[in-house]
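Residue numbers (the UniProt record's numbering): 1 to 204.
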């Protein structure tokens with residue numbers, strides 16, 4: 001009888017010790033999850049700031065290029081020297097492409113806010129990284145093709161007998177150059193957005 005009572009007391013004490021230790025084992029796991037959620041929320045906030053900045057740069061590039069036009073003061077009854085962005089297909093493509101990029105970046109802001117509210121959600125981040133990758137491709141192609149035209153406008157090409165027109169159309173060249181610079185700023189920011197989305201998809 002004494003042995004059975006002693007065994008019963010030991011089992012009861014051991015069960016109490018286990019119950020007391022169980023919450024201590026779960027605490028580090030909960031702390032780690034909260035730490036990861038806080039880290040991802042910080043990444044999402046930075047993503048939102050970069051997204052708004054990229055949309056601003058893309059909008060500035062679109063407006064600058066879309067309003068670029070210059071008419072030289074000397075003209076005759078039959079000839080008028082005028083330069084406009086829609087005279088060149090590359091600049092027309094630039095305006096259309098950067099308009100699409102601007103529209104996408106504005107529409108993607110709510111998804112970035114969802115990532116802040118739900119930092120561990122995977123679907124919004126996966127959608128953003130896919131769309132951002134397509135957007136950076138479109139923006140890069142528009143900026144690259146327009147940069148080539150701006151280079152020819154400034155320097156010309158003696159082999160092809162293409163004359164530099166920036167000595168006459170100074171305002172036109174300044175605006176187109178500014179638009180191209182703004183578009184490359186948008187490209188760099190979108191690249192950072194892709195990287196941030198990839199970081200946010202990591203489990204740890």
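Note that beta-carbon positions come from the ideal geometry of N, C-alpha and C, so glycine has one too.
All figures in this text were calculated on a predicted structure; none of them were measured in a lab.
Report yes if the C-beta of residue i is less than 7 Å from at least one heavy atom of the ligand GTP; otherwise report no.
{"i": "residue 124", "result": "Of the ligands one can find in the structure shown there are none, so the ligand GTP has no counterpart to examine."}
If the criterion is Cβ atoms closer than 8 Å, does the pair residue i and residue j meet it?
{"i": "residue 91", "j": "residue 149", "result": "yes"}
{"i": "residue 95", "j": "residue 85", "result": "yes"}
{"i": "residue 139", "j": "residue 99", "result": "no"}
{"i": "residue 201", "j": "residue 125", "result": "yes"}
{"i": "residue 180", "j": "residue 143", "result": "yes"}
{"i": "residue 186", "j": "residue 54", "result": "yes"}
{"i": "residue 116", "j": "residue 45", "result": "yes"}
Mind checking residue i: buried by the 16 CB within 10 Å criterion, or exposed?
{"i": "residue 128", "result": "buried"}
{"i": "residue 132", "result": "buried"}
{"i": "residue 58", "result": "buried"}
{"i": "residue 137", "result": "exposed"}
{"i": "residue 64", "result": "buried"}
{"i": "residue 123", "result": "exposed"}
State the Cα-Cα distance for the pair residue i and residue j, rounded to the nearest angstrom.
{"i": "residue 112", "j": "residue 145", "result": "30 Å"}
{"i": "residue 165", "j": "residue 47", "result": "41 Å"}
{"i": "residue 199", "j": "residue 43", "result": "8 Å"}
{"i": "residue 175", "j": "residue 193", "result": "27 Å"}
{"i": "residue 152", "j": "residue 177", "result": "11 Å"}
{"i": "residue 104", "j": "residue 87", "result": "26 Å"}
{"i": "residue 167", "j": "residue 156", "result": "11 Å"}
{"i": "residue 41", "j": "residue 191", "result": "19 Å"}
{"i": "residue 69", "j": "residue 172", "result": "6 Å"}
{"i": "residue 121", "j": "residue 135", "result": "22 Å"}
{"i": "residue 197", "j": "residue 130", "result": "9 Å"}
{"i": "residue 108", "j": "residue 67", "result": "26 Å"}
{"i": "residue 61", "j": "residue 170", "result": "18 Å"}
{"i": "residue 106", "j": "residue 56", "result": "9 Å"}
{"i": "residue 114", "j": "residue 195", "result": "18 Å"}
{"i": "residue 147", "j": "residue 110", "result": "32 Å"}
{"i": "residue 141", "j": "residue 93", "result": "9 Å"}
{"i": "residue 89", "j": "residue 163", "result": "18 Å"}
Reducing DSSP to helix, strand and coil, say where residue i ends up.
{"i": "residue 3", "result": "With a pLDDT of 46 at residue 3, under the threshold of 50, the predicted position of this residue should be treated as unreliable, though the coordinate-derived value follows. If DSSP states are grouped into helix, strand and coil, residue 3 belongs with the helices."}
{"i": "residue 21", "result": "Summary for residue 21: the model assigns pLDDT 47, below 50, so the residue's position carries little reliability; its value from the coordinates is reported in the next sentence. If DSSP states are grouped into helix, strand and coil, residue 21 belongs with the helices."}
Check your understanding: Taking the runs of the beta strand (DSSP E) that are 3 residues or longer, which of them lie wholly in the UniProt domain "Casparian strip membrane protein" (41-189)?
Key -> 69-71, 82-84
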